[in-house]
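See structure below.
Protein chains: 2
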Amino acid sequence: MVTVRNAVAGLEGVRSRIGRASVAEEVADVLRERIIEGVLPPGTQLLEGEISEALQVSRNTLREAFRLLGHERLLEHRRNKGVFVRILSAADVADLYRVRRVIEGAGVRRTPSPAALAAIREAVTDALRAAEQDDWTAVGTANSRFHQAIVTLNQSPRLDESMRHLLAELRLVFHVMKNQRSLHEPFVERNRELLDLIEAGRAEEAGRYLESYLDDAEKLLLQDYEPERFRD
Amino acid sequence: MVTVRNAVAGLEGVRSRIGRASVAEEVADVLRERIIEGVLPPGTQLLEGEISEALQVSRNTLREAFRLLGHERLLEHRRNKGVFVRILSAADVADLYRVRRVIEGAGVRRTPSPAALAAIREAVTDALRAAEQDDWTAVGTANSRFHQAIVTLNQSPRLDESMRHLLAELRLVFHVMKNQRSLHEPFVERNRELLDLIEAGRAEEAGRYLESYLDDAEKLLLQDYEPERFRD
DNA sequence: ACCATAAAAATTGTTCAACAATTCGACAAG
DNA sequence: CTTGTCGAATTGTTGAACAATTTTTATGGT
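So the protein sequences, as listed, match chains F and G.
If you read the first sequence in my numbering, its first letter stands for residue 61, the second for the next number, and so on.
If you read the second sequence in my numbering, its first letter stands for residue 61, the second for the next number, and so on.
In C-alpha cells:
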C-alpha cells in the first residue's frame with residue numbers, strides 16, 4: 061500500500077478554480093480579451109450602463125474593472141466623458157519599442173537557462189509552421205510568445221509582467237493594420253536567426269541583431285499607421 | 061506580528077484641497093504619500109470602514125483607490141480579508157534590483173542629453189550637501205532622484221514611470237531599516253564617480269560600474285532585512 | 001438655410017444603505 | 001490537542017439615488 065507522505069502536495073493551484081477571482085477581475089478578464097482580440101477596437105466607448113447590464117454586474121463593480129484596465133493602458137479614462145479603448149499615438153508606439161529594445165536586449169545578452177531556451181525554440185518552430193499554412197494571425201501569436209520568452213531570460217517576474225502588458229498594448233496597433241502578413245512575415249526567419257545566435261552563445265551579436273530587428277519592426281509598423289484622433 | 065492599530069491617525073483633515081482629479085485618485089494620492097513616507101508601515105491593514113469615514117468618501121470610491129494602489133504594488137489585496145500595505149519578500153527585493161540593473165544599465169550606456177545630465181549632476185551635489193549635514197533622509201531622497209534621472213537617459217516615458225513605481229516600492233523596504241546612514245552613505249561618493257564616467261562618455265565602463273554598484277546595494281539591503289511574514 | 005442658445009436627455013461621478021459571503025476569535029465538546 | 005459551532009467584524013456586491021457634466025435636441029431670430 062502506498063502511503064501518501066504529503067497529502068497537500070500539488071493541491072495549491074486547484075483552489076484558483078474554486079475560490080475564483082473577484083467579479084471585478086472576472087469582468088476585467090472578459091473585457092481585456094475582447095480588446096486584445098480586436099472585437100472592441102481602439103476608440104470604442106464603453107458605456108457603463110450597457111455593459112453592466114450585459115454582464116449582469118453592478119456599475120460599481122464594473123468601474124473597478126475599468127480602473128484595472130486603465131492602469132494596464134488598454135482603456136483611457138476621460139473625466140466626465142467615459143472610458144474608451146485606448147488609441148495609441150505614433151509616439152506611444154515609438155516608446156513601446158524603446159522599452160522593448162531595453163528589456164529584450166538585456167534578455168538576449170544573458171546566458172540562457174535551458175527552460176527559457178526551450179520556450180524560445182518552440183515559439184520559433186510554431187511560427188514557421190503557421191507561416192507555411194498562411195495563418196498569419198497564428199504567426200503573430202507565436203511571435204508574441206517568442207518575444208515574451210526572450211524577456212524571461214532576464215529571470216524577472218516584474219519584467220515578464222511588463223512585457224505582457226506591453227504586448228497587449230501593441231495589439232491595439234496590430235489589429236488596426238489590415239495586412240497581417242506583411243507585418244509578421246519578415247520576422248519569422250529573423251526569429252530563427254536570433255535563436256541561433258543565442259544558442260551559439262554570441263550574446264553581444266544577438267543583442268545588436270535584436271536591436272536592428274526591432275528598429276525595422278518599428279519602422280514597418282509606423283510607416284502606414286495613422287490612428288484616429290480623439291476629438292476634444 | 062506588528063499590527064498597527066490606528067491606520068487612520070492624521071487622515072481626517074487631508075482631503076481639503078480642491079479636486080482636480082477624481083476623488084478616487086485624490087484618495088490614492090493621499091494614501092500613497094502616507095505609505096511612501098512610512099506613516100503606514102508594511103503589514104498595516106487598511107480598513108474600508110475606518111478610512112472611508114476618516115476621508116469622508118464612500119466605500120466604493122475608496123475601493124477604487126485601493127485598486128489603483130494595488131496595481132502599483134503598494135497594497136496587497138487578500139480576498140475577503142482586506143487590503144494591507146505590502147510586505148516585500150527578499151525575492152521581491154532581488155527582483156527589483158534585477159529590473160534596476162536592466163533599465164538603469166541601459167540608461168547609462170546611452171549618450172546622455174544635456175538636460176538629463178544636468179538633472180543627474182544636481183542630484184549628486186544635493187546628496188553631497190545633505191551628507192555633509194548628516195541628513196540621511198535627504199540623502200536618500202537625492203539618491204532616488206539620481207537613479208530616476210539615470211533612467212530618463214532612456215528617453216522613455218514608460219520606463220520613467222516604471223522606475224517611479226519601483227522606487228516607491230523600494231521605500232517599503234528602506235523604511236523598515238533602522239540605520240538610514242549605513243544604507244545611503246556608501247553611495248554618495250559612488251554616485252559622483254558614476255557621473256564622471258557618464259560625462260566622460262565611457263558608457264560601457266559606466267554600465268559595469270553601475271552593475272557592481274547595484275549588486276552591493278542589494279547585498280547591503282538584504283543582509284539584515286527580515287520582513288514580517290503574513291500568516292495565512 | 002444658418003447659427004446661437006436654451007431646454008432636455010444621457011452619461012458619468014459619488015454616495016448611501018442593504019445584504020450575502022467569508023473570516024476570525026472564543027469557547028465548548030469530544 | 002483537535003474539531004465544531006456561534007457570533008461579531010469585515011469584505012464583496014448590489015441597486016437606487018442624486019449631483020455634475022456632457023451631448024443632443026429643440027427653438028427662435030436673422
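C-beta atoms are modelled at their ideal positions from N, C-alpha and C, and glycine is treated no differently.
This structure is a prediction, so every number in the text was calculated from the model and none was measured.
Partner residues on chain G for residue i, Cβ-Cβ distance less than 8 Å
| i | result |
| --- | --- |
| residue 162(F) | 162, 163, 166, 214, 216, 219 |
| residue 128(F) | 127, 131 |
| residue 124(F) | 123, 124, 127 |
Cβ-based neighbour list, residue i, same chain, cut-off 7 Å, excluding 5 preceding and 5 following
| i | result |
| --- | --- |
| residue 230(F) | 156 |
| residue 197(G) | 240 |
| residue 176(G) | 209, 212, 213 |
| residue 235(F) | 98, 101 |
Cα-Cα separation, residue i to residue j
| i | j | result |
| --- | --- | --- |
| residue 281(F) | residue 269(F) | 18 Å |
| residue 226(F) | residue 117(F) | 29 Å |
| residue 286(F) | residue 147(F) | 10 Å |
| residue 289(F) | residue 271(G) | 42 Å |
| residue 153(F) | residue 283(F) | 11 Å |
| residue 224(G) | residue 189(G) | 24 Å |
| residue 91(F) | residue 181(G) | 45 Å |
| residue 95(G) | residue 278(G) | 22 Å |
| residue 249(F) | residue 264(F) | 20 Å |
| residue 83(F) | residue 120(F) | 11 Å |
| residue 132(G) | residue 123(G) | 14 Å |
| residue 165(G) | residue 151(G) | 21 Å |
| residue 262(G) | residue 267(F) | 19 Å |
| residue 93(G) | residue 113(G) | 19 Å |
| residue 237(F) | residue 81(G) | 34 Å |
| residue 73(F) | residue 134(G) | Residue placement at residue 73(F) cannot be trusted, given a pLDDT of 37 that sits under 50; what the coordinates show is reported in the next sentence. Rounded to the nearest angstrom, the two C-alpha atoms are 25 Å apart. |
| residue 79(F) | residue 130(G) | Confidence at residue 79(F) is low in this model, with a pLDDT of 42, below 50, so its placement is unreliable and no value can be given for it. |
| residue 195(G) | residue 228(G) | 20 Å |
Own chain residues within Cβ distance below 6 Å of residue i, not counting five before or after
| i | result |
| --- | --- |
| residue 259(F) | none |
| residue 76(F) | Residue placement at residue 76(F) is flagged as unreliable, the pLDDT there being 38, under the threshold of 50; the coordinate-derived value follows with that caveat. Correct list: empty, nothing qualifies. |
Which listed residue (the options) has its alpha carbon closest to that of residue i
| i | options | result |
| --- | --- | --- |
| residue 233(G) | 216(G), 98(G), 262(G), 245(G) | 98(G) |
| residue 256(F) | 178(F), 285(F), 193(F), 236(F) | 178(F) |
| residue 276(G) | 244(G), 265(G), 92(G) | 244(G) |
| residue 247(F) | 261(F), 191(F), 165(F), 130(F) | 191(F) |
| residue 167(F) | 119(F), 228(F), 216(F), 121(F) | 216(F) |
| residue 111(F) | 274(F), 87(F), 237(F) | 87(F) |
| residue 108(G) | 235(G), 236(G), 134(G), 144(G) | 144(G) |
Residues near residue i by beta carbon distance below 8 Å, same chain, minus five either side
| i | result |
| --- | --- |
| residue 251(G) | 183, 184, 187, 203, 206 |
| residue 85(F) | 125, 128 |
| residue 63(F) | Note that residue 63(F) scores 32 on pLDDT, short of 50, meaning its location in the model is unreliable; the coordinates nonetheless yield the value given after this. So the list is empty, once near-sequence residues are dropped. |
| residue 273(F) | 247, 250, 254 |
| residue 149(G) | 287 |
| residue 193(F) | none |
| residue 242(F) | 280 |
| residue 115(F) | 87, 90, 122 |
| residue 142(F) | 105, 106, 107, 108 |
Under 9 Å by beta carbon: chain F residues contacting residue i
| i | result |
| --- | --- |
| residue 82(G) | 137, 139 |
| residue 120(G) | 120, 123, 124 |
Where residue i meets chain G, residues with beta-carbon distance less than 9 Å
| i | result |
| --- | --- |
| residue 159(F) | 163, 214, 216, 218, 219, 222 |
Closer than 7 Å at the beta carbon, the chain F residues around residue i
| i | result |
| --- | --- |
| residue 155(G) | 216, 217, 218 |
| residue 271(G) | Correct list: empty, because the minimum Cβ distance to chain F is about 11 Å. |
Is the region 100–108 of chain G touching the region 159–174 of chain F, taking contact as three or more C-beta pairs under 8 Å? no
Is the region 188–204 of chain F touching the region 163–177 of chain F, taking contact as three or more C-beta pairs under 8 Å? no
Count the C-beta pairs between the region 138–150 of chain G and the region 210–223 of chain G that are closer than 8 Å, then say yes if the count reaches three, no if not. no
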